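Chemist:
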Amino acid sequence: MRKEQFTFENQDLYRKICGINDTGVKNLEKQLEIDLIPRGNGFQVEGIPTKVEFALDFFRLLETNYRDRPDRDFTDQFDFGYLLKQATREKKKEERKSDDEPFKPTEKILTTYKGKHLYSRTKNQEKYIQSFLNNLITFGIGPAGTGKTFLSVAMACRFLQNGIVDKIVLTRPAVEAGENLGFLPGDLNQKVDPYLRPVYDALNECIGFEKTQEYIALTKIEIAPVAFMRGRTLSKSFIILDEAQNCTLAQLKMIMTRLGRNSRMCISGDVTQIDLEHGRSGFDRVVNLFRQTEGIGQVFFGKEDITRHPLVETIVRKFEEL
1 MRKEQFTFEN
11 QDLYRKICGI
21 NDTGVKNLEK
31 QLEIDLIPRG
41 NGFQVEGIPT
51 KVEFALDFFR
61 LLETNYRDRP
71 DRDFTDQFDF
81 GYLLKQATRE
91 KKKEERKSDD
101 EPFKPTEKIL
111 TTYKGKHLYS
121 RTKNQEKYIQ
131 SFLNNLITFG
141 IGPAGTGKTF
151 LSVAMACRFL
161 QNGIVDKIVL
171 TRPAVEAGEN
181 LGFLPGDLNQ
191 KVDPYLRPVY
201 DALNECIGFE
211 KTQEYIALTK
221 IEIAPVAFMR
231 GRTLSKSFII
241 LDEAQNCTLA
251 QLKMIMTRLG
261 RNSRMCISGD
271 VTQIDLEHGR
281 SGFDRVVNLF
291 RQTEGIGQVF
301 FGKEDITRHP
311 LVETIVRKFE
321 EL
């Protein structure tokens, strides 16, 4: 058994690591397989010598990473856990590679209407943001909770605010997730609303409810089901196709050919949550068709990119075992 003392130079970092009612300490003890006893602005670290040494190295890494991060004011338990997974993988590899540098975001995505600065939280999210900047069409492929929809909406708001595009076009296949909802009353927007609720939530978080409603009234934000896209040319627009795994091959071809001048397009989906009959989804085939195509970027998210509640990652892993 080995005992060591580690004191953090930054008191804010120490408080964030501890979390509310020391929940962060309990999580770290479980993940690092050691005992942590809070002492001042640090911990007394107790456990097997190799585990204690790894914990001390990890705390030093946290300090260095926190000092260099542009989003340090918004870091939380997810960011610490993500760095710990990186550090664990590096230890298993025995030798560190240049592309395994501890993650810190470089590109601010957007400042929300509440003044919060949004940054990517994982390496793949950072690649996703860079793909929007460098490509005309970006595919986002991965499980639930990895930020595919939210990040695309945030980037669309940024492009709109900066005058790069004149409007945001939101579309999604009106496919029910294993339920028969029956007839939906109301106008077109009201009929499509239930299917685009995650997109609305992202818009409200980025630019606020009032601005979202104003932009919809001014047609700066347009909502339409996939079926209503036929025959249109969308110029100077940011087009977001969400839940693309529920589109057929013909629908995906139709949507992709709507791209007009000075436009961007995001096509995101999760191949593990297809609500169409087996074999009807064209998402996988289109992703494979456009691999390594100039002007089209593809970002594959993994379970390690899930930024929702930590339990979501466990849920995804368990369902993969079925």
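Under UniProt numbering, the residue at position 163 of the sequence shown is numbered 163, and the numbers go up by one with no gaps. For glycine and all other residues, C-beta sits at the position ideal for the given N, C-alpha and C. All values reported here derive from a predicted model rather than from experimental measurement.
1) Please go through the same chain and pick out, in chain order, the residues whose beta-carbon is closer than 6 Å to the beta-carbon of lysine 220, but skip the five residues on each side of it.
2) Three or more beta-carbon pairs under 8 Å between the stretch 37-53 and the stretch 63-82, yes or no?
3) Buried or exposed for isoleucine 37, going by 16 or more other Cβ atoms inside 10 Å?
4) For glycine 260, does the count of other Cβ atoms within 10 angstroms reach 16, so buried, or fall short, so exposed?
5) Can you have a look at leucine 13 and say buried or exposed, based on whether 16 or more other CB atoms are within 10 angstroms of its CB?
6) With 16 as the cutoff for other CB atoms within 10 Å, does asparagine 288 come out buried or exposed?
7) If distances are taken between C-alpha atoms only, which option among Thr257, Gln31, Lys16 and Arg72 comes closest to asparagine 41?
8) If I measure Cβ to Cβ from alanine 144 and keep anything under 8 Å in the same chain, skipping five residues before and after, which residues do I get?
9) How many angstroms separate the CA atom of glutamate 210 from the CA atom of aspartate 284?
10) Check the C-beta distance from serine 268 over to threonine 149 and give it rounded, since I have them as a contact under 8 Å.
11) Can you have a look at glutamate 321 and say buried or exposed, based on whether 16 or more other CB atoms are within 10 angstroms of its CB?
12) Taking Cβ positions, are isoleucine 109 and leucine 151 nearer each other than 8 Å?
13) To which residues of the same chain is alanine 87 closer than 7 Å at the C-beta, ignoring the five residues directly before and after it?
14) Determine the extent of the beta strand (DSSP E) in which phenylalanine 54 is found, giving its start and end residues.
15) Using a Cβ distance threshold of 8 Å, determine whether the stretch 127-137 contacts the stretch 295-302, with at least three qualifying pairs required.
16) For leucine 203 and glycine 302, I'd like the C-alpha separation in whole angstroms.
17) When you compare only the Cα positions, how much space is there between cysteine 18 and isoleucine 255?
Modeler: On the basis of the data shown:
1) Setting aside the 5 residues that flank it on each side, lysine 220 is surrounded in the same chain by Lys167, each with a C-beta closer than 6 Å to its C-beta; the list follows chain order.
2) Verdict: no, contact absent.
3) Here isoleucine 37 is exposed, its C-beta having fewer than 16 other C-beta atoms within 10 Å.
4) Under a 10 Å Cβ-count criterion, glycine 260 is classified as exposed, with fewer than 16 other Cβ atoms of the shown protein chains found around its own Cβ.
5) With 16 or more neighbouring CB atoms inside 10 Å of its own CB, leucine 13 falls in the buried class.
6) Exposed, by the Cβ-count rule.
7) Closest by alpha carbon: Lys16.
8) Excluding sequence positions up to five before and after alanine 144, its CB lies within less than 8 Å of the CB of Asp270, Gln273, Ile306, Arg308, Val312 and Val316, all in the same chain and listed in chain order.
9) Per the coordinates, the alpha-carbon of glutamate 210 lies some 37 Å from the alpha-carbon of aspartate 284.
10) Approximately 6 Å separates the beta-carbon atoms of serine 268 and threonine 149; this is inside 8 Å, confirming the contact.
11) Label assigned to glutamate 321: exposed.
12) Yes, Cβ-Cβ distance for isoleucine 109 and leucine 151 is below 8 Å.
13) Take alanine 87, set aside five residues on each side of it, and the residues of its chain with a beta-carbon closer than 7 Å to its own are Phe58 and Leu61, in chain order.
14) Here phenylalanine 54 belongs to no beta strand (DSSP E); instead the alpha helix (DSSP H) covers 49-68.
15) Yes, since at least three Cβ pairs between the stretch 127-137 and the stretch 295-302 fall closer than 8 Å, the two stretches touch.
16) Roughly 24 Å between the two C-alpha positions.
17) Pairing cysteine 18 with isoleucine 255, the inter-Cα distance amounts to about 47 Å.
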